[in-house]
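Okay, so here's the structure we're looking at.
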Amino acid sequence: MSKKKILFVSHDASRTGAPLVLLHFLKWLKQNTDIAFVILLKRGGELQSEFEALAPTYIYSFPYQPIIGLKGKIIANWNTYIGIPSYYNKLRRIISQHSIGLIYANSVGNGHILNFLSDLKCPVITHIHELAYGIYANGEENLKYVLKYTNHYIAVSKAVQNNLLASYTIPEINISLVYEFVPNQTTTDITNNKLRSSLGIPEDAFIVGTSGTMDLRKGFDLFITLANIVHQKADKKDIYFIWIGGNLDNGHYEIVKMDAEKTGIKPFIRIPGAQKNPLDFFVMFDVFVLLSREDPFPLVCLENALLQKPIICFENGGGMPELVENDCGFVVPYLDINSIADKILYLKQNPAIKHTLGKNAQEKVSQRYELSICAPQIVDIIKKAGFPY
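Going by the working numbering, the first residue of the sequence shown is number 1, and it counts up by one from there.
Below you can see the structure in the form of structure tokens.
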């Protein structure tokens, strides 16, 4: 009898929170256990090759090739009646040949895949990296399948756990709390001054950093407002603002650029977009500000904490107050940009307090949210879910 394997399912392979957490975990799993696994990506992305280096990796989405004209119509008809059914029949057959003993769905966005794989009739763990809006955005039918097929849930913060308990009829015993985690790697090859120079930022400038996709949930629309208020309150115009992440081919980006120009704050704004090595930028920050309206437990905060950056976030904006508490930064009233501005200026004026808060943040992440601490917790959940290991 062949050895049972775990099928890990990711909604994509983008360089964003949930896929990165899964990638970190799978690297650890391969290095520290003899658990066999395969990977199914709903869509590809920048991290696809790194997943492929760990285990057999398959893509769920049909590889459409947009072709216009008569030829395109012929191909579209062929895909509808032959190509697509053939693709998914083959994919189902290949996966079933791997002797799957458990499905691990990494995010709430994989409900349709759980339905597609229901014939495997094995236990399902769903790792929930989303709060109310994130669940809503994935669609009602997707959620129906997640609730139908999932045997056990992993919540990435108490905020996520509480939302699951309050919103759905899930028994508390079926939800485990395992916080998001990062590997304790803070080295960077680019010096602070070299990168500052490339961005046109003076060596003695105070840098406020934030990060995320360029959308409303992440608070990208609040970025220029914050910078403008800080400069209105500041005695000295030596504070710069950097947003890391997101696609520059984005309507929100164009509006934010317009805001920066019209307010006159543009000389102090840097938006370089998504970066392969964001830690190179994070190391420059004096403080990290999370502007998200809703964020379960963002990795960027953990990464900045490991670099001894104090964190400012919103109350009722997700799980980050669970890390920040009263010793790693500040939790301000929801959407209170003036309060964030005041805290930024306070930290600028009190470097010793800034250092203490940053040091506390580093120690807390190292003790609570590091890969080697959290990964074994997930392995225990996998065992208890019925995987024959």
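Even for Gly, the Cβ is constructed at its ideal location relative to N, Cα and C.
Here the structure is a predicted model, which is why all the values come from computation and not from measurement.
**Study point:** Three-state secondary structure assigned by DSSP to A375
**Key:** Taken through DSSP and simplified to helix, strand or coil, A375 comes out as helix.
Exercise for review: Using alpha carbons as the reference points, say which of L290, A13 and E303 lies closest to S366.
Suggested key: Among L290, A13 and E303, the Cα nearest to that of S366 is on E303.
**Study point:** Same chain, Cβ closer than 8 Å to I113, five either side skipped, listed in chain order
**Key:** Cβ within range, chain order: V9, L40, K42, Y60 and A105.
Practice item. Can you tell me which of I311, F241 and A274 puts its alpha carbon nearest to the alpha carbon of P202? Key: With distances taken between Cα atoms, P202 lies closest to F241.
Exercise for review: Would you mind working out which of D12, S99 and V283 sits nearest A36, comparing C-alpha positions?
Suggested key: Of the candidates D12, S99 and V283, the one whose C-alpha sits nearest the C-alpha of A36 is S99.
Check your understanding: What are the complete alpha helix (DSSP H) segments, minimum 4 residues, inside the segment 260-304?
Key -> Entirely contained in the segment 260-304, the alpha helix (DSSP H) runs reaching 4 residues are, in chain order, 279-282.
**Study point:** DSSP beta-bridge partners of S211
**Key:** As a beta-bridge residue in DSSP terms, S211 pairs with I244.
Check your understanding: Anyone know if the C-beta pair for F282 and Y179 falls short of 7 Å?
Key -> Result no, Cβ atoms of F282 and Y179 do not sit closer than 7 Å.
**Study point:** Whole-angstrom distance between E294 and K218, CA atom to CA atom
**Key:** Answer to the nearest angstrom: the Cα atoms are 7 Å apart.
Review point. According to DSSP, is I340 helix, strand or coil?
Key: I340 sits in a helix when the DSSP states are folded into three classes.
Exercise for review: Could you spell out the range, first to last residue, of the alpha helix (DSSP H) harbouring L26?
Suggested key: Unbroken alpha helix (DSSP H) run through L26: G17 to N32.
Exercise for review: Determine the DSSP secondary structure at Y334, reduced to helix, strand or coil.
Suggested key: Y334 falls in the coil class under three-state DSSP.
Check your understanding: Hey, would you say P388 sits closer than 7 Å to L357, going by beta carbons?
Key -> Not a contact, by the Cβ cut-off of 7 Å.
Exercise for review: Say whether chain B places a C-beta atom closer than 7 Å to the C-beta of L248.
Suggested key: Protein chains in the displayed structure number just one, and chain B is not present.
Check your understanding: Would A166 be called buried (16 or more neighbouring beta carbons within 10 Å of its own) or exposed?
Key -> A166 counts as exposed, since fewer than 16 other beta carbons sit within 10 angstroms of its beta carbon.
Check your understanding: Quick one, are the C-beta atoms of K5 and V38 less than 7 Å apart?
Key -> Cβ atoms of K5 and V38: closer than 7 Å.
Check your understanding: From the DSSP output, which residues share a beta bridge with I313?
Key -> Just to set this straight, residue 313 is Cys in the shown sequence, not Ile. Within the DSSP bridge table, the entry for C313 names V331 as partners.
Check your understanding: To the nearest angstrom, how far is it from the Cα of I224 to the Cα of S339?
Key -> I224 and S339: Cα-Cα distance of roughly 15 Å.
Check your understanding: Between V230 and L222, what straight-line distance do the alpha-carbon atoms span, to the nearest angstrom?
Key -> Distance between the alpha carbons of V230 and L222 is about 12 Å.
Review point. Counting pairs of beta carbons, one from the segment 340-359 and one from the segment 273-291, are three or more of them closer than 8 Å?
Key: Short answer: they touch.
**Study point:** Residue of K257, I269 and I128 minimising C-alpha distance to G109
**Key:** Ranking the options by Cα distance to G109, first place goes to I128.
Review point. Given 8 Å as the limit, is there contact between the segment 136-150 and the segment 114-121, that is, 3 or more CB pairs closer than that?
Key: The count of Cβ pairs closer than 8 Å, one atom from the segment 136-150 and one from the segment 114-121, reaches three, so the stretches are in contact.
Exercise for review: Give a yes or no on whether the C-beta atoms belonging to A385 and I94 are separated by under 7 Å.
Suggested key: No, the pair does not count as a contact, with Cβ atoms beyond the cut-off.
**Study point:** Span separating the alpha-carbon of Y168 from that of D235
**Key:** Each residue's alpha carbon lies about 50 Å from the other.
Check your understanding: Opposite G318 in the DSSP bridges: which residues?
Key -> Paired residues: D295.
Check your understanding: Can you list, in chain order, the residues of its chain whose CB lies under 6 Å from that of L177, leaving out five sequence neighbours each side?
Key -> Closer than 6 Å at the Cβ level, and outside the excluded window around L177, lie A155 and Q161.
Practice item. Work out the CA separation of D34 and S211 for me, nearest whole Å. Key: Answer to the nearest angstrom: the Cα atoms are 36 Å apart.
Check your understanding: In or out: Y369 buried (at least 16 other Cβ within 10 Å) or exposed?
Key -> Under the 10 Å beta carbon count, Y369 is surrounded by 16 or more other beta carbons and is classified as buried.
Point to revise | L226: first and last residue of the uninterrupted alpha helix (DSSP H) it sits in | key: Here the alpha helix (DSSP H) through L226 covers F223 to K233.
Review point. Do you know offhand how far L216's Cα is from N360's?
Key: So the two alpha carbons sit approximately 30 Å from each other.
Review point. Taking the Cβ atom as the reference point for each residue, do M214 and G246 lie within a distance shorter than 7 Å?
Key: Result yes, Cβ atoms of M214 and G246 sit closer than 7 Å.
Check your understanding: Whose CA, out of G209, L279, S86 and P351, lies closest to the CA of L268?
Key -> It should be noted that the sequence gives Phe, not Leu, for residue 268. By alpha-carbon distance to F268, the top candidate from G209, L279, S86 and P351 is G209.
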